[in-house]
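Residue numbers (the numbering used here), protein chains in the order written: chain W, 1 to 188; chain X, 1001 to 1668; chain Z, 2001 to 2296. Positions of the beta carbon are idealized from the N, C-alpha and C atoms, including for glycine. Every value quoted in this text rests on a predicted model; they were computed, and no experiment measured them.
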Amino acid sequence: MTLQEMQNQELRDELFLRSQVDVTKCYQCGKCTAGCPVAEHMDYGPRQVMRMAQMGLVEEAMKTKAIWLCATCETCSTRCPKGVEVAKVMETLRIMAKERGYIAEKNIDKFNNIYNTIVKSLGRMYEPGLIVSRNVATGHLFQDTSYGIPYLAKQKLNLVPHKPKNSEEIKSIFAKAAAMDEAERGNR
Amino acid sequence: MERVGVFVCHCGSNIGSVVDCAKVAEELRNYPNVVHSVDYKYMCSEPGQNLIKEAVKEHNLNRVVVCSCSPRMHENTFRACVAQAGLNPYMFEMANIREHCSWVHAGHNEEATAKAIDLAKMAVAKVCKNKELKKGHSPVTKRALVVGGGIAGIQAALDIANNGYQVDILERTPSIGGKMAQIDKTFPTIDCSACILTPRMVEASSHPNIKLITFAELEKVEGYVGNFDVTIRSKARSVDMSKCTGCGTCMTKCPGKADDEFNMNLQKRPAIYTPFPQAIPNKPVIDRESCLKFKSRKDGKDVCGICAKVCPAGAIDYEQEDEIFVEHYGAIVMATGYDQFDHSVYGEYGYGKYPDVISGLHFERLVNASGPTMGHIVRPSDHKEPKTVVMVKCVGSRDPEHGKSYCSRTCCMYSAKQATLIRDHCPDTKVYIFYMDVRTPGKGYDEFYNRTREEYGVEYIRGRVSKIYQDGEQLIVKGEDSLLGRPVEILADMVILADAMIPQNDAAKMAQIVGIGYDNDGWFTEAHAKLGPVETHTAGIFLAGACQGPKDIPDTVAQAGAAAVKVCGLLSKDQLETDPCTSEIDPALCAGCGHCVGVCPYKAISLETIEERKAGKTISRQVAKVNASLCQGCGACTVTCRSSAANLNHFTNAQILAEVDALCQTIL
Amino acid sequence: MEYAYYPGCSLDSTGIEFNLSTKAVAKAFGIQLVEIPDWNCCGASAAHSTSHWLGLSLPARNLAIAEAAGLDVAIPCAACYARSKRAEVEVCKSEETRAKIEEIIGRPYKGESKARALLDIFHRDLGVYTDKNALKKPLAGLKVVTYYGCLMVRPVDTGFDDPEDPISLDEIMTALGAEVVPWGFKTECCGASLTACRPEVGFPMTEKILDAAKKSGADCIVTACPMCMANLDMRQDQIGKAKNVHYDLPVYYFTELLGVALNMNNKELGIPRHFVPAEALVNKIGQAKTTEGGEA
Chain W
1 MTLQEMQNQE LRDELFLRSQ VDVTKCYQCG KCTAGCPVAE HMDYGPRQVM
51 RMAQMGLVEE AMKTKAIWLC ATCETCSTRC PKGVEVAKVM ETLRIMAKER
101 GYIAEKNIDK FNNIYNTIVK SLGRMYEPGL IVSRNVATGH LFQDTSYGIP
151 YLAKQKLNLV PHKPKNSEEI KSIFAKAAAM DEAERGNR
Chain X
1001 MERVGVFVCH CGSNIGSVVD CAKVAEELRN YPNVVHSVDY KYMCSEPGQN
1051 LIKEAVKEHN LNRVVVCSCS PRMHENTFRA CVAQAGLNPY MFEMANIREH
1101 CSWVHAGHNE EATAKAIDLA KMAVAKVCKN KELKKGHSPV TKRALVVGGG
1151 IAGIQAALDI ANNGYQVDIL ERTPSIGGKM AQIDKTFPTI DCSACILTPR
1201 MVEASSHPNI KLITFAELEK VEGYVGNFDV TIRSKARSVD MSKCTGCGTC
1251 MTKCPGKADD EFNMNLQKRP AIYTPFPQAI PNKPVIDRES CLKFKSRKDG
1301 KDVCGICAKV CPAGAIDYEQ EDEIFVEHYG AIVMATGYDQ FDHSVYGEYG
1351 YGKYPDVISG LHFERLVNAS GPTMGHIVRP SDHKEPKTVV MVKCVGSRDP
1401 EHGKSYCSRT CCMYSAKQAT LIRDHCPDTK VYIFYMDVRT PGKGYDEFYN
1451 RTREEYGVEY IRGRVSKIYQ DGEQLIVKGE DSLLGRPVEI LADMVILADA
1501 MIPQNDAAKM AQIVGIGYDN DGWFTEAHAK LGPVETHTAG IFLAGACQGP
1551 KDIPDTVAQA GAAAVKVCGL LSKDQLETDP CTSEIDPALC AGCGHCVGVC
1601 PYKAISLETI EERKAGKTIS RQVAKVNASL CQGCGACTVT CRSSAANLNH
1651 FTNAQILAEV DALCQTIL
Chain Z
2001 MEYAYYPGCS LDSTGIEFNL STKAVAKAFG IQLVEIPDWN CCGASAAHST
2051 SHWLGLSLPA RNLAIAEAAG LDVAIPCAAC YARSKRAEVE VCKSEETRAK
2101 IEEIIGRPYK GESKARALLD IFHRDLGVYT DKNALKKPLA GLKVVTYYGC
2151 LMVRPVDTGF DDPEDPISLD EIMTALGAEV VPWGFKTECC GASLTACRPE
2201 VGFPMTEKIL DAAKKSGADC IVTACPMCMA NLDMRQDQIG KAKNVHYDLP
2251 VYYFTELLGV ALNMNNKELG IPRHFVPAEA LVNKIGQAKT TEGGEA
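Now the structure itself:
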């Protein structure tokens, strides 16, 4: 397959419109990867993800584990000599990937989903719920449960979740935000 | 009575870390005729030189030896120092204990120290035989020759002429202008190349101090700084310049056809032609290889002659012959330019056979409004606009196996420029550039490159192209995106190869004719990479532009100006000091055999008849005599002379033997 | 001085010491913290990873409530601060964004209520470090490394301190009498929630920070982020055991040490609730001083 056949201009345009970052500015110096605290665990470093994005291989970029492992610490964006907001590109790619069902890091996605579900229904985080749900979802039933008892002993966990007064308002925010994202995608 | 002072330099750690300098000074203190011997950190520094001056006074020295670096580096420094101390500057010798000792014997410190002591003793032995010498003088011809009529030559000539000196431009093609005339736009400002060049061409041709000698070759250079005799061959134009009005009728009627070199053979031109419409002089020449008349003459016939028939001025002269003449100059600027690497050595790029794989200079003609396509970017094969163009950098550059090991310096920028021109002319055309590195060290250059990527949307792919092959009407370009670490293939309509800059194919021969150095690649060698970038090792001959190495127009123009300043400095003098280290022949010993006359490369020796009284009779006989102003002190005559009549001042037989004696004594 | 107070979810549970100490110290300094009624989660990393607009709108709602009350918002948690600040900056940058966010949250928000990091407030507005008189128990002899974490000072357009070598926390600690030990990990990322959802990735990140802190010779780590605290404090024992190292590095919120210097009671500040025992070290400060004073 030739390079031209692999390049997807529409996705490249969508990435630009949604991230507002011009990836062509990246000159591939590698300072982002060099400073990224997660890079050694990534399949592709941030520089390579940026290269895929600027070459129009956005589909491929969306399938990397890297965009999920990014901790959004923004070290890359802060230090970039060309002022490219790398973390913003990673975040936008992550959103675009999820919309298309490209989930290269299932556990991280599940964690995000559970988190969002709890916030959506309670308006706030409920940590015991997060841990238990995560463990059920990922199959690691006892991960971090050893911390539960000390937490309780130290009165650091509320077993009773926050009772939301704002639940309808929060649900509406979730719905409207999703609609806004959908509209942006529809515009493409 | 010889009273020698010895001064041993550490040169920081350059000498001191290998040679035991204190020991050298100590050893020499007890050597015959040495009355003072010391070592010091930096002899060439001001305190170091003061040390010498004070010692001369205090110890009443009449000879000085400095043990330090090469005489090439500091002989003049110390001669001046000795002169300031009141001695004749030639009562000084230098022992090279750096290049000849510490640098080459690092790690063998004891042996190096022993060698340094030997070298110092030899220098003392020699200096004791030194004689006071005085510099001579030679006149200066206040006129310069610039070889090459490209932008380097034009600029150098204009700068010299504007300083009030006469200057000739010698150009081998029918017109001045050079490569810059072929280029469409110049980076990083996208100035039209012709628009900024042609006014300079006109200025040069109309300048009262400049004479153009076009369609002419350099045959021979004799003489020396200030007094060069240059033999020039003016090739037969077959057109009488004094009659031709440049009306151009002949060119429109000529039935002969030849490849148009100026347009990179993208079209044909007539046999009688000017290379391009703005040519200077704007008078045609007949290319006898493709002229029907001259071709038919070889077969014993004599046909055509149309140009002579249509010429209203009667300027066509088929019988004209090459003319050879000699001109005199005080200085010469070499501005012979460069050539373009021939990418047909690369089989993987099609051995130059694919019509749509072109070079950078081809593209310049393609995109030029007065070029063969009137500036429409079309592929040579079918004259269709390419929708995808791939550019390949470093073709022949940085390829020691198949091309040149060096970087051609200009390709990164002209490729970026050409890419932006494509995007400007054909906004729908995609441009990919394969590169190994992007090198843009010039004012506004990196900014230009970044605009090429960010604003013009040109896609850069880091990697060297491995293969190009024809796929139907298109080309497949195979490379690696080394930033992604994977091979890529691009389907291209046209490929532009950024061919390397190489020396003119006869650069080595030209260097030998003129008598200057050239490197392994054929670039002319400057006197010093940093401190003498426009001088050569031959006094009076200077370099400008790409003949010295790949460079772009701004650097070329700057270097041309620098060379012009050096020329003007030289021509501003009425007389030049000459080196007193010339040969002398003792007529009493000379047998008049004339061997020295034959070996002298400078034609400085001739035989003359003298009369002398011998046994009561006056007899006349022939003896050799040296013209000191021509002699360059090479010493060829002294080693040839069987009766030891020839002696080179400052390197006399007696001095050389004293050195040998000194060395042999230490060995025994 | 009055601020709207946004504790965020952590300060209600795992980061309760930050909440306790913040409230106690603020009271002592006369800062009024009015908790935003019915505040909601800022979405942390999950919301903005899923939806651009959700990531901006969740914190915008809290800011909108504060704006209606005419107050800036004091935010202790670095992550909550970063998300809230991002929302504020985006709203100020673009009318279009503002209109969309207002539509989503169903409230007006003009970007007038500013998100302020609690660290920034203590450092800049109050000048605590100049007020030596307030310090009843200077932290003399305590060697600390300051750990800001990644989100507090990044990116530049949302930050209040230098992103590579921030000094606000250093200056507060120095003012309290502690010795600030230089190190290279002030703003390195601890791994955040990766320790929870991808432990094999997140743990080594926290481990590097603990190793560097230990190597620096500091007695403890001071931080301003509950996520960092959870990773450095709660997981310290587990990380240490895996490589047979006993770090013994108590981790404090800067507000806890402010409280210690004001001679507040450990329990009131939440110090006994740490995983790595943290009382002994601060108790020693007091004793050392007493002993010294006694001898003098």
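Comparing alpha-carbon positions, which option in the options lies nearest residue i?
{"i": "TYR1445/X", "options": "THR1429/X, CYS1412/X, GLU1002/X, SER1643/X", "result": "CYS1412/X"}
{"i": "PHE111/W", "options": "PHE2254/Z, CYS2197/Z, VAL2201/Z, LEU2281/Z", "result": "CYS2197/Z"}
{"i": "GLU1401/X", "options": "VAL1345/X, LYS1309/X, ALA1157/X, VAL1431/X", "result": "VAL1345/X"}
{"i": "ALA1546/X", "options": "GLY1337/X, VAL1639/X, GLN1470/X", "result": "GLY1337/X"}
{"i": "GLN1632/X", "options": "ASP1579/X, GLY1375/X, THR1373/X, MET1091/X", "result": "ASP1579/X"}
{"i": "PRO46/W", "options": "ASN107/W, THR24/W, GLY30/W", "result": "GLY30/W"}
{"i": "ASN1368/X", "options": "ALA1194/X, ALA1662/X, LEU1543/X, GLU1222/X", "result": "ALA1194/X"}
May I ask you to list the residues that DSSP assigns as paired with residue i?
{"i": "LEU1475/X", "result": "GLN1470/X, ALA1492/X"}
{"i": "LYS1625/X", "result": "SER1606/X"}
{"i": "PHE1542/X", "result": "VAL1333/X, GLU1535/X"}
{"i": "GLY1616/X", "result": "BP columns for GLY1616/X are empty, so no partner."}
{"i": "GLU2002/Z", "result": "GLN2032/Z"}
{"i": "TYR2253/Z", "result": "THR2223/Z"}
{"i": "ARG1453/X", "result": "Beta-bridge pairing links ARG1453/X to no other residue."}
Please say whether residue j and residue i have beta carbons closer to each other than 8 Å?
{"i": "TYR2003/Z", "j": "LEU2058/Z", "result": "no"}
{"i": "LYS1417/X", "j": "LYS1185/X", "result": "yes"}
{"i": "LEU2151/Z", "j": "ILE2285/Z", "result": "no"}
{"i": "LEU152/W", "j": "VAL1488/X", "result": "no"}
{"i": "ARG1143/X", "j": "GLY1330/X", "result": "yes"}
{"i": "CYS1593/X", "j": "ALA1646/X", "result": "no"}
{"i": "ILE2036/Z", "j": "MET2001/Z", "result": "no"}
{"i": "SER1415/X", "j": "MET1391/X", "result": "yes"}
{"i": "THR1214/X", "j": "GLU1171/X", "result": "yes"}
{"i": "SER2094/Z", "j": "ALA177/W", "result": "no"}
So, under 8 Å CB-CB, residue i and residue j are touching, yes? Tell me the CB distance rounded to an integer number of Å.
{"i": "ILE1324/X", "j": "SER1238/X", "result": "With a Cβ gap of about 17 Å, ILE1324/X and SER1238/X do not count as contacting."}
{"i": "THR2022/Z", "j": "LEU2118/Z", "result": "6 Å"}
{"i": "VAL1019/X", "j": "CYS1069/X", "result": "Not a contact, Cβ separation roughly 12 Å."}
{"i": "PHE1434/X", "j": "ARG1409/X", "result": "Contact flag wrong, Cβ pair sits at about 18 Å."}
{"i": "ASP2219/Z", "j": "VAL2144/Z", "result": "7 Å"}
{"i": "GLN1622/X", "j": "GLU1608/X", "result": "7 Å"}
{"i": "SER1397/X", "j": "ALA1500/X", "result": "4 Å"}
{"i": "GLY1442/X", "j": "PRO1554/X", "result": "7 Å"}
{"i": "GLY1350/X", "j": "ILE1496/X", "result": "GLY1350/X to ILE1496/X, Cβ: 13 Å. No contact."}
Taking only three categories from DSSP, how would you classify residue i?
{"i": "LYS1603/X", "result": "coil"}
{"i": "THR1536/X", "result": "coil"}
{"i": "LEU1657/X", "result": "helix"}
{"i": "THR1652/X", "result": "coil"}
{"i": "SER2045/Z", "result": "helix"}
{"i": "ILE1316/X", "result": "strand"}
{"i": "TYR126/W", "result": "coil"}
{"i": "ASN1130/X", "result": "coil"}
{"i": "GLU1222/X", "result": "strand"}
{"i": "PHE1092/X", "result": "strand"}
{"i": "ALA2296/Z", "result": "Here ALA2296/Z scores only 35 on pLDDT, less than 50, and its place in the model is too uncertain to base an answer on."}
{"i": "CYS1009/X", "result": "strand"}
{"i": "CYS1394/X", "result": "strand"}
{"i": "CYS26/W", "result": "coil"}
{"i": "ASP1159/X", "result": "helix"}
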